[in-house]
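Shown next, in structure tokens, is the structure this report addresses.
Protein chains in written order, with my numbering: chain A, 1 to 511; chain B, 512 to 937.
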């Protein structure tokens with residue numbers, strides 16, 4: 001049923017004609033241009049109180065152009081393609097009055113990759129099969145009402161718990177075409193589908209809320225994996241119920257067992273942002289020195305910890321090309337505890353003396369400038385430090401039993417298990433971080449006990465140095481969502497092994 | 512601009528076709544045309560790669576439709592679509608709801624002036640001076656901080672809203688903003704519909720510059736008695752984000768209706784959520800005030816009303832649909848930072864009432880706090896203590912409280928900072 005491929009609106013004779021015209025203007029005025037077209041289609045539904053409460057869509061095609069002429073840099077944006085040539089010419093006319101650009105002017109001189117690549121639509125660059133025009137409100141209501149009913153059935157009548165929930169379904173297709181004066185002409189298309197649910201439980205006047213999301217790169221892929229989403233909702237409700245009447249845990253430092261959602265956030269927030277080379281250039285990263293150079297080779301994590309930014313397939317955070325039209329590369333951010341790659345474009349990599357450019361510049365949309373960003377960032381420990389097994393379905397009780405059976409409480413008498421992360425924030429200059437948590441349990445040889453959610457905060461290097469063991473396989477997509485920076489949101493993934501064990505450290509604490 | 516002949520012709524044509532179409536019973540079309548100029552600086556780079564001089568021209572169209580079968584749809588475009596595209600999209604998105612769609616029908620209570628011609632002249636005729644002023648601000652920030660970031664942006668927008676009930680509203684808007692950040696620790700923003708006189712920016716920069724330099728003093732530990740006995744003051748960006756996350760989120764009509772707010776509709780007009788001296792009101796009908804507006808995309812008009820009066824909830828934030836259903840005014844409010852406090856404690860009063868003031872420029876991870884409970888436990892990495900003469904940074908401070916308990920405490924009130932901005936004193 002859902003197999004229609006979305007045709008790209010950025011690959012037609014009319015657009016080719018406009019591109020030729022823009023490039024000609026650039027050539028005649030000795031300007032180097034990076035022209036970026038984006039088409040965006042979105043459909044959104046909200047469901048609450050047993051009905052669709054809102055449905056809306058958005059459709060847009062727009063373009064932005066970097067204009068480089070000698071030392072001058074301009075940037076123009078419009079979503080009226082009939083005006084773009086005039087807007088470009090008007091900007092070029094003003095360029096001489098602009099201040100000199102020390103970084104932007106290099107865009108025209110650096111060797112770009114791929115050089116002179118022709119439009120690649122027919123070479124497997126259409127990444128999506130998201131059937132955006134075939135899902136209507138009736139279909140969305142069937143899906144969301146079914147999920148709502150199945151969720152309500154998870155609450156036993158005798159538990160005296162009231163449940164309120166709202167759900168949302170979002171489908172997106174974004175298409176990019178990036179053309180440069182050096183002959184490069186690339187295009188790609190990405191699809192995204194996500195369903196979210198916000199659940200509120202009320203018992204004897206006490207209210208608790210939980211939020212879950214499920215993502216895929218097409219609607220059919222979303223449907224194919226809904227069983228897992230329902231299983232996750234069931235687990236979430238069980239964890240929420242544990243929280244009724246829970247006490248606050250004493251503030252302080254503990255041995256911590258954190259799930260891949262939280263450890264993905266640690267990888268992303270605590271290290272990933274600091275490794276973005278624009279922060280280093282601006283002297284606002286703990287990973288840069290006072291000269292604005294990246295601290296390549298410095299020890300920053302435990303010696304068996306590796307941290308990677310890479311996307312092996314078309315997942316939520318996936319982007320095949322950078323904002324300037326270069327092929328995005330795998331970045332080994334930390335290898336065996338030492339800083340290796342940074343996340344940057346060719347200009348920032350060169351200025352910060354990073355090992356190389358990983359072509360990590362991205363934009364939220366055509367209106368935004370490209371800045372260094374993450375894609376899929378995860379922690380992977382050396383095999384010698386990974387406890388084999390599949391802990392995906394383990395509940396706090398089973399985790400406590402496993403740790404007891406395997407004798408872990410002999411060395412770690414008391415371990416705080418933290419599950420889920422609703423978000424976090426990092427201060428890149430001083431390397432401090434704060435993450436929210438969803439569920440907290442204290443585990444010891446006697447058993448386990450639920451506590452209220454806490455904030456998990458500390459120093460980035462102390463947290464990464466305190467990682468001692470990984471449990472289970474890599475879950476590189478546990479923490480999928482949207483990352484905000486410089487007023488732009490981009491889709492990202494993050495993860496690690498199913499659990500990470502962090503040794504107690506005075507600079508990593510719960511409050 | 513929206514009033515150009517070609518666009519007006521296309522709009523009229525679309526209206527005629529919508530009225531003829533058997534699919535639709537009613538429509539409301541909102542058009543917005545925005546022209547923006549932005550220039551930024553960071554560290555040693557002015558108007559460079561990550562913040563170039565940017566000119567953008569963006570059009571946005573929002574169309575609400577009532578279908579003849581009583582379904583409804585809301586569609587957004589970056590262009591004015593033709594009737595065929597509209598019909599196809601409406602068929603896909605239309606849904607049935609117990610709450611009928613509502614279009615703007617009332618007259619504007621008052622037409623508020625939001626466009627200042629001198630703003631257009633300042634940027635159109637003397638663009639180079641505007642850019643030089645940013646370079647001056649950028650240069651000054653370096654004398655106060657090791658790292659800095661800032662931007663200046665001006666927006667000129669025109670709006671039009673038409674619907675099948677005969678409404679045809681036009682509006683124009685000019686808006687300038689300046690944002691400055693020092694060492695990622697402290698910063699400020701200024702907003703105005705009229706040209707910003709940068710001498711006011713420089714005055715504010717000098718205050719925050721002194722504050723920023725205070726971080727070089729020897730640190731206090733959070734358990735120090737001077738810290739424990741101090742009065743906490745949240746700076747504007749901080750309290751706005753905190754109250755938006757924990758209070759405003761509970762006032763939004765869609766959340767209340769979905770049972771995901773701390774409050775129910777029955778609480779408005781009755782429930783005490785703050786001490787009796789605490790008010791929050793909005794006045795969106797003041798000429799040339801950046802918080803004002805005439806109408807928004809959904810047809811909501813500017814209002815003057817109380818959200819919290821004498822500590823009691825008064826009005827939830829509702830769109831036109833929910834306004835008709837629950838009989839409260841339809842209101843648009845993006846942030847509680849756009850509210851007007853009824854009274855402000857003077858800075859000198861704060862200083863004389865306690866030994867020191869613990870200034871909190873930011874809290875990490877506010878967005879992770881749960882609105883329903885109001886609980887928060889958030890690190891304040893840039894907390895700094897002011898004893899009336901000198902500043903001292905405070906290490907390892909975590910603010911751990913509950914917003915609703917804070918608001919019930921009689922000592923919680925808005926205060927006037929030395930810059931003239933509004934802070935929240937806890």
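We treat Cβ as the ideally placed atom computed from N, Cα and C, and that holds for glycine. Note that the structure is predicted; figures quoted are calculated from it, not measured.
| Option nearest residue 616 of chain B by Cα separation, candidates B:827, B:806 and B:858 | Here residue 616 of chain B refers to the residue found at position 105 when the second chain is read from its first residue. When each option's Cα is compared against that of residue 616 of chain B, the closest is B:806.
| request: Would you decide whether residue 553 of chain B is buried or exposed? Buried here means 16 or more other CB atoms lie within 10 Å of its CB. | output: Start at 1 with the first residue of the second chain, and residue 553 of chain B comes out as number 42. Classification of residue 553 of chain B: buried, given that the 10 Å Cβ count is 16 or more.
| said: With DSSP as the reference, identify every bridge partner of residue 895 of chain B, one or two as the case may be. | reply: Along the second chain, one-based indexing puts residue 895 of chain B at 384. Beta-bridge pairing links residue 895 of chain B to B:870 and B:904.
| field | Same chain only: Cβ atoms within 6 Å of residue 911 of chain B, ignoring 5 sequence neighbours per side | value | Locating residue 911 of chain B in the second chain gives position 400, where the first residue counts as 1. Within the same chain, residue 911 of chain B has close Cβ partners 888.
| said: At a CB distance below 9 Å, what residues from the stretch 595-626 of chain B approach chain A? Give them in sequence order. | reply: 596, 599, 600, 602, 603, 604, 605, 606, 607, 608, 609 and 610
| field | Listed by chain order, chain A residues near residue 588 of chain B by CB distance under 8 Å | value | For the purposes of this step, residue 588 of chain B is taken as the residue at position 77 of the second chain. In chain order: 58, 59 and 60.
| Does the separation of the CB atoms of residue 790 of chain B and residue 817 of chain B fall below 8 Å? | The residue labelled residue 790 of chain B in the question sits at position 279 within the second chain. The residue labelled residue 817 of chain B in the question sits at position 306 within the second chain. Yes; because the gap between Cβ atoms is below 8 Å, this pair is in contact.
| Inter-residue Cα distance where the pair is residue 527 of chain B and residue 675 of chain B | For the purposes of this step, residue 527 of chain B is identified with residue 16 of the second chain, where counting begins at 1. For the purposes of this step, residue 675 of chain B is identified with residue 164 of the second chain, where counting begins at 1. The straight-line gap from Cα to Cα measures roughly 10 Å.
| query | Taking contact to mean at least 3 C-beta pairs separated by less than 8 Å, is the stretch 402-413 of chain A in contact with the stretch 242-252 of chain A? | reply | The stretch 402-413 of chain A, when compared against the stretch 242-252 of chain A, does not touch it at the 8 Å Cβ threshold.
| What separation, rounded to the nearest whole angstrom, lies between the Cα atoms of residue 920 of chain B and residue 814 of chain B? | The residue you call residue 920 of chain B lines up with position 409 of the second chain. The residue you call residue 814 of chain B lines up with position 303 of the second chain. Those two C-alpha atoms are separated by around 29 Å.
| said: Our contact map puts residue 495 of chain B next to residue 892 of chain B with C-beta atoms below 8 Å; I'd like the distance itself, whole angstroms only. | reply: Chain B is shown from 512 up to 937; residue 495 of chain B falls before or after that span and cannot be answered.
| task | Say whether chain A places a C-beta atom closer than 8 Å to the C-beta of residue 756 of chain B. | result | Numbered from its first residue, the second chain carries residue 756 of chain B at position 245. No, no contact with chain A.
| request: Look at residue 685 of chain B and residue 544 of chain B and say whether their C-beta atoms are less than 8 Å apart. | output: Stepping through the second chain from its first residue, residue 685 of chain B is reached at position 174. Stepping through the second chain from its first residue, residue 544 of chain B is reached at position 33. Contact: no.
| By a C-beta neighbour count over all protein chains shown, 10 Å radius and 16 as the cutoff for buried, is residue 838 of chain B buried or exposed? | Translated into the one-based positions of the second chain, residue 838 of chain B becomes position 327. Exposed, because fewer than 16 other Cβ atoms sit within 10 Å of the Cβ of residue 838 of chain B.
| task | On a CA-only basis, which of A:294, A:38, A:252 and A:92 is nearest residue 564 of chain A? Give me that one, please. | result | The question about residue 564 of chain A has no answer here: the residues shown for chain A are numbered 1 through 511.
| query | With a Cβ-Cβ cutoff of 8 Å, do residue 396 of chain A and residue 557 of chain B count as a contact? | reply | Position 396 of the first chain, counting from 1, holds the residue named residue 396 of chain A. Position 46 of the second chain, counting from 1, holds the residue named residue 557 of chain B. Their beta carbons are not under 8 Å apart, which means residue 396 of chain A does not touch residue 557 of chain B by this criterion.
| query | In chain order, what residues of the same chain have a beta carbon less than 7 Å from the beta carbon of residue 802 of chain B, not counting five sequence neighbours either side? | reply | Translated into the one-based positions of the second chain, residue 802 of chain B becomes position 291. Only 795 and 849 meet the Cβ criterion.
| field | Members of the stretch 768-799 of chain B near chain C, C-beta cut-off 8 Å | value | Note that chain C does not occur in the displayed structure, where the protein chains are A and B.
| query | How would you label residue 640 of chain B, buried or exposed, when you count the other beta carbons within 10 angstroms and need 16 or more for buried? | reply | In the second chain, the residue the question calls residue 640 of chain B occupies position 129. Taking a 10 Å sphere around the C-beta of residue 640 of chain B, we find fewer than 16 other C-beta atoms and assign the residue as exposed.
| Taking just the CA atoms, how far does residue 16 of chain A sit from residue 196 of chain A? | Looking up residue 196 of chain A in the first chain gives position 196. Looking up residue 16 of chain A in the first chain gives position 16. In a straight line, the C-alpha of residue 196 of chain A is about 39 Å away from that of residue 16 of chain A.
| field | Beta-carbon contacts of residue 653 of chain B that lie in its chain and below 7 Å, excluding the five residues immediately before and after | value | The count along the second chain starts at 1 and reaches residue 653 of chain B at position 142. Cβ within range, chain order: 659.
| request: Please name the residue, chosen from B:537, B:760 and B:619, that lies closest to residue 601 of chain B on a Cα-to-Cα basis. | output: Here the question's residue 601 of chain B lines up with position 90 in the second chain. With distances taken between Cα atoms, residue 601 of chain B lies closest to B:537.
| query | Residues of chain A with CB under 9 Å from residue 568 of chain B, in chain order? | reply | In the second chain, counting from the first residue as 1, residue 568 of chain B sits at position 57. Under the 9 Å cutoff, chain A gives 76, 77, 78, 79, 80, 83 and 87.
| Proximity test, Cβ basis, 8 Å: residue 646 of chain B and chain A | Within the second chain, residue 646 of chain B is the residue found at index 135, counting from 1. Cβ-Cβ to chain A under 8 Å: yes for residue 646 of chain B.
| task | Flag this pair as yes or no: are the beta carbons of residue 223 of chain A and residue 214 of chain A separated by less than 8 Å? | result | Counting from 1 along the first chain, the entry for residue 223 of chain A is found at position 223. Counting from 1 along the first chain, the entry for residue 214 of chain A is found at position 214. No, the Cβ-Cβ distance between residue 223 of chain A and residue 214 of chain A is not below 8 Å.
| said: In this structure, how does DSSP classify residue 123 of chain A when only helix, strand and coil are distinguished? | reply: The count along the first chain starts at 1 and reaches residue 123 of chain A at position 123. At residue 123 of chain A, the pLDDT of 41 sits below 50, so the modelled position is not reliable and the matter cannot be decided from this model.
| message | For a minimum of 3 consecutive residues, which ranges assigned as the beta strand (DSSP E) are wholly contained in the stretch 15-79 of chain A? | response | 32-48, 51-69 and 72-78
| task | Starting from the C-beta of residue 1 of chain A, find all residues in its chain whose C-beta is less than 7 Å away, skip the five residues before and the five after it, and write them out in chain order. | result | Taking the first chain and counting its residues from 1, the one referred to as residue 1 of chain A is at position 1. Only weak support exists for where residue 1 of chain A lies, its pLDDT of 30 falling under 50; the value from the coordinates is given anyway. Take residue 1 of chain A, set aside five residues on each side of it, and no residue of its chain has a beta-carbon closer than 7 Å to its own.
| Contact the stretch 871-883 of chain B vs the stretch 851-862 of chain B: 3+ CB pairs below 8 Å | Taking 8 Å as the limit for Cβ pairs, the verdict is that the stretch 851-862 of chain B does not touch the stretch 871-883 of chain B.
| Segments of 4+ residues assigned as alpha helix (DSSP H) that fall wholly inside the stretch 339-400 of chain A | 346-351
| field | Sheet register partners of residue 890 of chain B (DSSP bridge) | value | As a working note, residue 890 of chain B is residue 379 in the second chain. DSSP links residue 890 of chain B through a beta bridge to B:909.
| said: Residues in the same chain with beta-carbon distance under 6 Å from residue 744 of chain B, minus the five sequence neighbours each way, listed in chain order, please. | reply: Translated into the one-based positions of the second chain, residue 744 of chain B becomes position 233. Only 868, 870, 934 and 936 meet the Cβ criterion.
| message | Just to make sure I have the definition right: I need the residues of chain A whose C-beta is within less than 8 Å of the C-beta of residue 558 of chain B. Which are they? | response | Taking the first residue of the second chain as position 1, residue 558 of chain B is located at position 47. Simply 73, 98, 99 and 101.
| task | For residue 161 of chain A, go through chain B and note every residue whose CB falls closer than 9 Å to its CB, in chain order. | result | To locate residue 161 of chain A, count along the first chain from 1; it is residue 161. Correct list: empty, because the minimum Cβ distance to chain B is about 13 Å.
| task | Consult DSSP for residue 179 of chain A and reduce its assignment to one of helix, strand or coil. | result | As a first step, residue 179 of chain A is located in the first chain; it is residue number 179 there, counting from the start. In the structure shown, residue 179 of chain A sits in a strand (DSSP, three-state: E or B).
| Taking the C-alpha atoms as reference points, what is the distance between residue 456 of chain A and residue 521 of chain B? | Translated into positions along the first chain, residue 456 of chain A becomes position 456. Translated into positions along the second chain, residue 521 of chain B becomes position 10. C-alpha separation (whole angstroms): 55 Å.
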